[in-house]
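Protein chains: 2
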Amino acid sequence: MSASPQNQSELKLVKQVQRLADQHLPKKTEQIALQIGDDAAALTQYPGKLTLISTDALVEGIHFDLHYMCPEDLGWKVLAVNLSDIAAMGGNPIGFTISIAVPPLKSGAFLTRMYKGMMELATNTKTVLLGGDTSASPGPVFLNLTILGNVKPTELITRKGAQPGDKIFVTGELGVSAIGLELLRLGAVRSKAVTHLMSQHLRPQPRIKVGRWLAKNHCASALLDLSDGLSTDLSHLCKASNVGAVIDSKKIPLPTVNSTMSSLVSKPLLDYGLNGGEDYELLFSVPAKKEIQVPNKIEGVTVKQIGYVTDKPEICLTNEEGRVRPLLPQGFDHFRG
Amino acid sequence: MSASPQNQSELKLVKQVQRLADQHLPKKTEQIALQIGDDAAALTQYPGKLTLISTDALVEGIHFDLHYMCPEDLGWKVLAVNLSDIAAMGGNPIGFTISIAVPPLKSGAFLTRMYKGMMELATNTKTVLLGGDTSASPGPVFLNLTILGNVKPTELITRKGAQPGDKIFVTGELGVSAIGLELLRLGAVRSKAVTHLMSQHLRPQPRIKVGRWLAKNHCASALLDLSDGLSTDLSHLCKASNVGAVIDSKKIPLPTVNSTMSSLVSKPLLDYGLNGGEDYELLFSVPAKKEIQVPNKIEGVTVKQIGYVTDKPEICLTNEEGRVRPLLPQGFDHFRG
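Protein chains in written order, with the working numbering: chain A, 7 to 343; chain B, 7 to 343.
This is the structure:
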């Protein structure tokens, strides 16, 4: 549900499907609290608890390349990106189904290793494997994972609640995954610092505990996960909440990159922080009067205020000198390479 | 969850994944009533209602061929095969997520038409589109649908409850889909009779109402859907219930096939009835004392008794002359063509 479109043609495709889905959506039923358009759908099947469901596919040659991604990392990641959608609703993960289509020649050790990585994260997050489907593929490897979670209706956080004056926060560091991906593609020598960046791309850490903390403490007015890059995901939050935002470029938390690494990557560091996708950090807004309740770290993860919400429906970036420019959603092209 | 393996290598692959899943299954938690191994998993999140979840993928070149299957039919079918898993638990469908990976050149009209067929069946069965993911594919079209349903714990029917002496029933006619597929591949002239057979392959009717009837009337001791063919699916039921079975070949409901069609297809009609997959009819056992409660038609669908359950763990077939031979699971090769 936080599909990260990989290029312009895919973006067009995603938009088409959204239009199709909108056309075909039945009137909201009593059972459905929230449909397509957020990180997960929410079902009101039972009093006092919403069921959350989300699904994400990873396709070889589009979302990953087995030349630089081992099967264990792939298994971890397909679960991580789905867990991130549950985190982005303030929810608890419960379990998941996994569908795999794999070329027969690749099936043996590949599947064993893929499961190993996936179940490592499942164990870490107390998420249960519920079932799946396995098939041969005549082409690339396809993985699709559907995750179930739940959340109390009073703790659900959607993309919709941001109000002018709210402060905007992010967890962790931004652009790390995109830099890590570029270094992986370059086949960079794996120093400790390089490995750290690469591992953020290969094994993102879904921020479930942070999402739960925000939900339980009723701090956040809107929340989503950073799958497409800050500029794009912030535009999603603003659109859903019908607001705008001002982001301070000096405040964006960027990774420490030494001069060797910096000479390897193709763009200035800030570009990765603004537009790099797949960090799976959280982006959230907090009413000004609750700002004081937000600590510097939540569940061990750094949290940083980077801007504020405005009533004007546009997103602006202030630079070092305090000059303001529009920040357009450019996160979808992070995979073009 | 009722993945229909398409050939020996895929069967091997499915078995490997089952072993992997078994290894990785955490101890059954309080939340999980039923995990991998039935048509759907069942979660006990809330008192009085089980949440059912199942997932099935359709891969171009493995499960379907767009030369003889239009996008509308494909959309219908990917939902139908998943609805059939909910029917096979006695459940009510609620909603679904759909993931699609499609080559960019094919994306426009293809997606619109695929959605049309899918939503036609969704409307018919009051099943709601909850969300999805869309991606480009560098190879074949890949569809994965995950379905949610629910059922009262007292109405859940698994594969496990068959007892020696129980009678074995099936809905509808068997082998129709496999014959339809063969005629589609041959490009047979579409007379009314031929079209009927083809449409069973292209647009199977999930037996949700029959499943619900069996659940509410507490008739069936075990239940599954016929995705892999009678010989294979019956072996699943027998293995899960730790029983055997005797099937009367004369009683197997076969479609009416005229001499022209019969000369076109490659095998005797009974072979399709025994081993042809993808009928998505229901197979169920009924305690002998409840046999009288089972009408000839349930919700307009023909129901026929075809054999009985034994305590010996083997499956036998009696022929026209009353001779008995072992019935081996041979349903997985129906797609080899």
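By construction, the Cβ of each residue, glycine as well, lies at the ideal position given by its N, Cα and C atoms.
Just so we're clear, the structure is a prediction, and the values are computed from it rather than from any experiment.
Would you check if the distance between the CB atom of residue i and the CB atom of residue j is smaller than 8 Å?
| i | j | result |
| --- | --- | --- |
| F175 (chain B) | V252 (chain B) | no |
| G138 (chain A) | S105 (chain A) | yes |
| S227 (chain B) | L334 (chain B) | no |
| G186 (chain B) | L162 (chain B) | no |
| F148 (chain B) | F148 (chain A) | yes |
| G167 (chain A) | D254 (chain A) | no |
| Q22 (chain A) | S113 (chain B) | yes |
| Y278 (chain B) | A194 (chain B) | no |
| E179 (chain B) | P261 (chain B) | yes |
| P146 (chain A) | P110 (chain B) | no |
Less than 7 Å between C-beta atoms, sequence neighbours within five positions excluded: which residues of the same chain meet that for residue i?
| i | result |
| --- | --- |
| P99 (chain B) | L89, I92, T131, T133, I153, G155 and I214 |
| C116 (chain B) | In the sequence as displayed, the identity of residue 116 (chain B) is Phe instead of Cys. Once the five neighbours on either side are set aside, the close Cβ partners of F116 (chain B) are P77 and V108. |
| C225 (chain B) | V292, K296, Q299 and V300 |
| S241 (chain A) | I321 and P335 |
| K55 (chain B) | N156 and K158 |
| L127 (chain A) | W82, L85 and A86 |
| P274 (chain B) | none |
From the DSSP output, in three-state form, read off residue i for me.
| i | result |
| --- | --- |
| D277 (chain B) | helix |
| P319 (chain B) | coil |
| P99 (chain A) | strand |
| Y121 (chain A) | helix |
| D285 (chain B) | coil |
| P332 (chain B) | strand |
| D45 (chain B) | coil |
| L135 (chain A) | strand |
| L154 (chain A) | strand |
| S143 (chain B) | coil |
| I106 (chain B) | strand |
| A251 (chain B) | strand |
| D339 (chain A) | Annotation note: pLDDT 41 at D339 (chain A) (below 50); position unreliable, coordinate value reported separately. Correct three-state label for D339 (chain A): helix. |
| R257 (chain A) | Inspection of the sequence shows that residue 257 (chain A) is occupied by Lys rather than by Arg. In the structure shown, K257 (chain A) sits in a helix (DSSP, three-state: H, G or I). |
| I304 (chain B) | strand |
| K166 (chain A) | coil |
| A228 (chain A) | strand |
| P201 (chain A) | Note that residue 201 (chain A) corresponds to Thr in the displayed sequence, not to Pro. Looking at T201 (chain A) - three-state DSSP - the assignment turns out to be helix. |
Is the CB of residue i under 8 Å away from at least one CB in chain A?
| i | result |
| --- | --- |
| P144 (chain B) | yes |
| A107 (chain B) | yes |
| G67 (chain B) | yes |
| S113 (chain B) | yes |
| F70 (chain B) | no |
| A9 (chain B) | Below a pLDDT of 50, predicted positions are generally treated as unreliable, and A9 (chain B), at 42, falls in that range; no measurement from the model is reported. |
| S141 (chain B) | yes |
| A63 (chain B) | yes |
Cutting at 8 Å between CB atoms, please list the residues of its own chain near residue i, excluding the five before and the five after it.
| i | result |
| --- | --- |
| V330 (chain B) | V252, C322, L323 and T324 |
| T164 (chain A) | L40, D44, M95, A228, L229 and A246 |
Sorted by chain position, which residues of the same chain lie with C-beta nearer than 6 Å to residue i's C-beta, five sequence neighbours on each side aside?
| i | result |
| --- | --- |
| L232 (chain B) | D239, D285, E287 and L289 |
| S141 (chain A) | A107 |
| V315 (chain A) | A168, P170, D172, V249, A251 and S291 |
Identify which residue in the options has its Cα closest to the Cα of residue i.
| i | options | result |
| --- | --- | --- |
| R344 (chain B) | B:K158, B:D277 and B:S241 | Since the first residue of chain B shown is 7 and the last is 343, residue 344 (chain B) is not available in this structure. |
| T201 (chain A) | A:T61, A:L162, A:Y74 and A:F70 | A:Y74 |
| K245 (chain A) | A:L229, A:S255, A:P259 and A:K257 | A:L229 |
| G181 (chain B) | B:P259, B:N248 and B:G167 | B:P259 |
| T266 (chain B) | B:R196, B:T160 and B:G282 | B:R196 |
| K318 (chain B) | B:R119, B:H207, B:G171 and B:K303 | B:G171 |
| L64 (chain B) | B:L135, B:K55, B:G54 and B:L208 | B:L208 |
| G328 (chain B) | B:T61, B:Y52 and B:K256 | B:K256 |
| Q311 (chain A) | A:T177, A:A86, A:E126 and A:P110 | A:T177 |
| I59 (chain A) | A:V87, A:L80 and A:E179 | A:V87 |
| K83 (chain A) | A:L192, A:Y52, A:E305 and A:G123 | A:G123 |
| A47 (chain B) | A:L49, A:L189, A:F102 and A:A47 | A:F102 |
| R191 (chain A) | A:T57, A:L270 and A:N264 | A:L270 |
Is there a Cβ of chain B sitting closer than 8 Å to that of residue i, yes or no?
| i | result |
| --- | --- |
| D231 (chain A) | no |
| Q336 (chain A) | no |
| L136 (chain A) | yes |
| L154 (chain A) | yes |
| F341 (chain A) | Per-residue confidence for F341 (chain A) stands at a pLDDT of 34, beneath the threshold of 50, marking its modelled position as unreliable; no derived number is given. |
| Y52 (chain A) | yes |
| F148 (chain A) | yes |
| S60 (chain A) | yes |
| A47 (chain A) | yes |
| L117 (chain A) | yes |
Compare the C-beta of residue i with all C-beta atoms of chain C and state if any pair is closer than 8 Å.
| i | result |
| --- | --- |
| Y286 (chain A) | Of the protein chains in this structure, namely A and B, none is chain C. |
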